[in-house]
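This report refers to the structure that appears directly beneath it.
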Amino acid sequence: MEKYLNRGIKEIIQEFPETGRILDAFNIGCTACSVGTCLLKDIVEVHNLPYEKEQALMLQIGRVIYPGVEIEVPRIERKAPAGDGTIRYSPPMRALVDEHTVIKRLLALIPRLTEDLDVTKGQDRQLVLEVVDFIRSYADRFHHAKEEDILFREFGDDLEILKSMLEEHRIGREHVRAVLEAAERGDTLSAKYHLTSYGQLLLGHIKKEDEILYPWMDRNLSTAQVGELFSRFVKTDEQFRDTASRQQEFVRRLEEKFNHEEVTSNV
Ligand SMILES: [Fe+2]
Ligand SMILES: [Fe+2]
């Protein structure tokens, strides 16, 4: 069993597909993770499994890997003690979760935005450009900059979970670039595809950060580190104050526009 603890979870799932179903049953979405470079031993700590759940999960996985063998489940060493499953964010992490709420409001509008989209029309193309501007200035330069330039740096460059998050930021930027290119050449199908893909990618990404990454980070940060993060975030907020309020206003107007269209089309 020990030798499997140091193997990548995707590799294990590939060799023993049943382990993917077991992880899903424990609400650990490794099969759906787009990068999935975590090791099996990282899973329990990153997902903050209580000890009884850790034992039950490892026992089930062990039985799949070594069928018919009486296995001894090792206790996985953790940096922080197991939690009780309740999420309590520190103030800087709470600020990031609140920014996610604004981003999710925009993402929720993508299905309606793409429904009748035609980027050969000036008005539709303009709307796509404004959405791209929101993504680039609010979601990326403001929010992802806080993550990449400040928060993630507290944990070094080697962590698989952070590599996976950075890879998703990169894939997101590629989708956004593709949306812009599609809008410029009047390719509605491609603009719709990349906007939808971006929305799906980011929704999953935010869920992982809110439910797994940030709580795990909070468990591993000292009080001094939390204080330092908070004051650096405040500086970033000041730097981006105008952008943040302009983009929040944009989301509000877009919600209003689509809600209004929905009401009038139902009359
Ligand atoms: Fe992120
Ligand atoms: Fe984020």
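For the sequence shown, counting from 1, position 240 maps to 233 in this note's numbering; every step adds exactly one.
Heads up, the beta-carbon is just placed ideally off N, CA and C, and yes, glycines get one too.
- The nearest non-hydrogen atom of ligand 1 is less than 7 Å from the C-beta of GLU140.
- Rounded to whole angstroms, the gap between the alpha carbons of THR189 and ALA101 is 10 Å.
- Ranked by Cα distance from LYS139, the first of ASP235, ASP230 and GLU8 is ASP230.
- When C-beta atoms of the stretch 101 to 118 are compared with those of the stretch 218 to 232, fewer than three pairs fall below 8 Å, so the two segments do not count as touching.
- Listed in chain order, the alpha helix (DSSP H) runs fully inside the stretch 140 to 214 are 153 to 178, 181 to 201 and 207 to 213, counting runs of at least 4 residues.
- GLY22 has its alpha-carbon roughly 10 Å from the corresponding atom of HIS40.
- Short of 6 Å from the beta carbon of LEU144, and not among the five residues preceding or following it, lies no beta carbon of its own chain.
- In the three-state DSSP reduction, GLY13 falls in the helix class (H, G or I).
- In this structure, the straight-line span from the alpha carbon of GLU147 to that of VAL62 is close to 42 Å.
- Relative to the non-hydrogen atoms of ligand 1, the Cβ of MET86 never comes closer than 7 Å to any of them.
- Residue environment: LEU195 is assigned as buried (16 or more neighbouring CB atoms within 10 Å of its CB, all protein chains considered).
- Scanning the stretch 78 to 115 from its first residue to its last, the whole alpha helix (DSSP H) runs of 4-plus residues come out as 84 to 108.
- Annotated three-state conformation of LEU32 is strand, per DSSP.
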